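Numbering (my numbering), first residue to last: 4 to 481. By construction, the Cβ of each residue, glycine as well, lies at the ideal position given by its N, Cα and C atoms. Keep in mind the model is a prediction, meaning the values are calculated, not measured.
The following block contains the structure:
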């Protein structure tokens with residue numbers, strides 16, 4: 004059996020492409036650096052595997068028996084050195100694909116202006132060049148803004164319009180783009196490698212409309228019943244605008260900055276060769292946005308609350324799609340069983356392990372505004388199961404002796420989860436990690452999260468160390 008490999012299946016496009024190919028009856032293998040991300044998605048007829056392009060030893064096993072490999076990874080979130088990481092990853096992948104006899108690599112790149120100023124766009128272009136330098140034929144499909152729930156560019160537009168009645172914007176709002184619907188792009192990705200003539204080719208793809216970003220925001224605003232004022236200011240550069248975006252959008256800062264840096268130039272798809280090979284009705288922006296909003300409302304988003312946790316079951320369109328994170332870890336000689344027993348006592352009689360007064364104050368604030376704090380008790384003092392209530396939290400995912408995920412049900416300008424992880428790190432040591440993930444609802448949600456960061460750092464550090472202390476005491480008692 005020959006597989007289609009979706010390499011980078013935990014990302015935005017990969018998380019849609021893998022089930023899309025499987026629904027067409029194709030054998031699909033999907034990979035991620037963290038297989039737990041994929042395991043929670045419950046895809047049908049998709050083989051899951053763990054691999055990392057920066058760890059060459061993981062590549063050959065997942066490329067075995069693969070005829071078409073989709074390369075969908077990039078390192079934008081890694082920081083300033085992401086171009087070097089992207090280049091290394093692409094080189095490793097091309098070499099492994101050649102060793103395993105892969106017949107075609109399909110690479111999703113970005114639309115590139117004639118003289119790209121953006122480091123992000125140059126890196127995407129260079130990644131395609133490195134893949135083509137290998138012996139496996141490459142089909143590169145370049146797209147601009149992708150319209151669909153979870154797309155970083157779409158989420159930036161959505162957050163700006165949803166949460167700002169007045170926008171003071173840089174000149175990039177007059178740059179032009181040809182946004183493409185997620186459904187149209189998936190069709191191109193699935194069908195392009197069926198044709199021999201697409202081997203070695205680069206195709207630019209876009210939707211039916213050629214719009215400025217200001218027009219895109221206004222059309223979206225009309226769909227959601229808002230009338231924002233957009234005021235362009237020449238002195239506000241794309242670089243400066245990327246800094247204040249962190250207060251408005253929940254898209255990770257590094258990703259938002261890379262995207263904004265690329266908005267100063269027009270990115271237009273003026274190539275219809277693939278459209279002639281793969282005929283389909285291309286959606287305009289308004290129809291694409293309506294499709295994305297409908298998916299939001301139906302919760303039909305295969306994205307994640309967090310990497311390695313639980314599917315985004317509680318996602319609400321007014322909340323930021325991307326989560327903010329805080330937490331801490333501690334190493335221990337305690338047994339896994341002892342650590343897990345302590346974790347499962349969370350919230351028992353209002354005990355959250357550390358900083359009891361701060362927890363009490365937050366619960367009191369929730370109670371005053373009608374939240375569930377102090378009103379609900381645990382089903383059992385020592386044992387938990389999915390669905391159990393823990394004061395103002397609810398158990399939504401659980402892997403015994405390994406992971407516990409609690410959904411926050413207290414009143415807050417956003418939605419969040421609290422996670423506990425127990426991991427084996429050495430023959431005689433374990434690590435306990437406590438992590439909070441928050442999806443802010445607009446500007447107030449972002450300010451709420453930022454104001455609590457110092458307190459979170461203090462609390463979660465104390466929680467991990469108190470859990471270790473109690474677990475080691477349990478082991479001592481036998």
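Selection 108, 152 and 149 evaluated against residue 131 yields 108 as nearest (Cα-Cα).
Between residue 139 and the set 201, 194 and 416, the nearest pair of CA atoms involves 201. Under DSSP, residue 396 shares a beta bridge with 393 and 411. For residue 449, the secondary structure class from DSSP, reduced to helix, strand or coil, is helix. In the three-state DSSP reduction, residue 18 falls in the helix class (H, G or I). In the DSSP assignment, residue 443 forms a beta bridge with 417.
C-alpha of residue 93 to C-alpha of residue 65: approximately 15 Å in a straight line. In its chain, beyond the 5 residues on either side, 147, 148 and 270 have a beta carbon closer than 6 Å to the beta carbon of residue 180. The criterion of a C-beta distance shorter than 9 Å is not satisfied by residue 16 and residue 159.
Residue 141: member of the beta strand (DSSP E) spanning 141-146, first to last residue. The Cβ-Cβ distance between residue 152 and residue 21 does not fall below 9 Å. As for any beta strand (DSSP E) of minimum length 3 sitting wholly inside the region 77-142, the runs are 107-113, ordered along the chain. Restricting attention to 378, 452 and 338, the CA atom closest to the CA of residue 404 is found in 338.
Nearest to residue 400 by C-alpha distance, out of 383, 370 and 420, is 420. Per DSSP, residue 190 is one residue of the alpha helix (DSSP H) stretching across 185-194.
Secondary-structure assignment with DSSP links residue 51 through a beta bridge to 33. With respect to the C-alpha of residue 208, the residue from 224, 223 and 189 having the closest C-alpha is 189. Taking the CA atoms as reference points, residue 101 sits about 55 Å from residue 479.
For residue 220, the enclosing alpha helix (DSSP H) starts and ends at 216-226. If you ignore the 5 residues before and after residue 379, its C-beta comes within less than 7 Å of the C-beta of 392 and 394, all in its own chain and listed in chain order. Residue 25 sits in a helix when the DSSP states are folded into three classes.
Contact between the region 369-378 and the region 430-438 is absent, with fewer than three C-beta pairs closer than 8 Å. Here the C-alpha atom of residue 156 lies approximately 27 Å from the C-alpha atom of residue 96. Between residue 345 and residue 477 a beta carbon distance of about 7 Å is seen, short of the 8 Å cut, so the two are scored as contacting. Nearest to residue 53 by C-alpha distance, out of 206, 137 and 35, is 35. Here the alpha carbon of residue 220 sits roughly 20 Å from the alpha carbon of residue 285. Scanning the region 327-374 for uninterrupted alpha helix (DSSP H) segments of 4 residues or longer gives 339-346 and 359-371, listed from N- to C-terminal end. Under a 10 Å Cβ-count criterion, residue 230 is classified as exposed, with fewer than 16 other Cβ atoms of the shown protein chains found around its own Cβ. Residue burial annotation: residue 424 is buried, with at least 16 other C-beta atoms found within 10 angstroms of its C-beta.
When secondary structure is reduced to three states using DSSP, residue 428 falls in the strand class.
Secondary structure at residue 181: coil, using DSSP grouped into helix, strand and coil.
Residue 33 sits close to residue 9, with the two beta carbons spaced by under 9 Å. In the DSSP assignment, residue 233 falls within the unbroken beta strand (DSSP E) covering 232-235. Judged by their CB atoms, residue 206 and residue 276 are nearer to each other than the 9 Å cut-off. Per the DSSP secondary-structure output, residue 172 pairs in a beta bridge with 235.
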